[in-house]
Amino acid sequence: MDNVVCTPHIGYVSRDEYEVQFADIFDQITAYAAGNPINVVNPEVLRAPRERR
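Numbering (numbering that gives the first Met the number 0), first residue to last: 0 to 52.
In structure tokens, the structure reads:
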């Protein structure tokens with residue numbers, strides 16, 4: 000989706016947990032950029048044709 004930016008919300012976490020979360024987020028972003036998204040909540044939208052405006 001060209002018009003969507005997703006960012007995590009972190010209210011408070013320990014340094015160790017922040018590093019774990021950052022690594023997970025980074026893995027998800029790089030997987031999406033490579034064309035193989037991971038941890039998708041609603042994967043059916045990936046199979047739907049894009050609506051052209």
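Even for Gly, the Cβ is constructed at its ideal location relative to N, Cα and C.
On a predicted model such as this, the values are computed, not experimentally measured, just so you know.
Among the options, whose alpha-carbon lies nearest the alpha-carbon of residue i?
{"i": "His8", "options": "Val44, Pro36, Phe21, Thr29", "result": "Phe21"}
{"i": "Val40", "options": "Ala32, Ala33, Gln27", "result": "Gln27"}
Please state if the CB of residue j and the CB of residue i are separated by a distance shorter than 8 Å.
{"i": "Ala30", "j": "Ile37", "result": "yes"}
Would you report the Cα separation of residue i and residue j, rounded to the nearest angstrom?
{"i": "Glu16", "j": "Cys5", "result": "20 Å"}
{"i": "Ala32", "j": "Arg14", "result": "27 Å"}
{"i": "Val19", "j": "Tyr11", "result": "14 Å"}
{"i": "Gly34", "j": "Phe25", "result": "14 Å"}
{"i": "Val54", "j": "Val44", "result": "Summary: the structure shown does not reach residue 54, with the chain confined to residues 0 through 52, and so no result is reported for it."}
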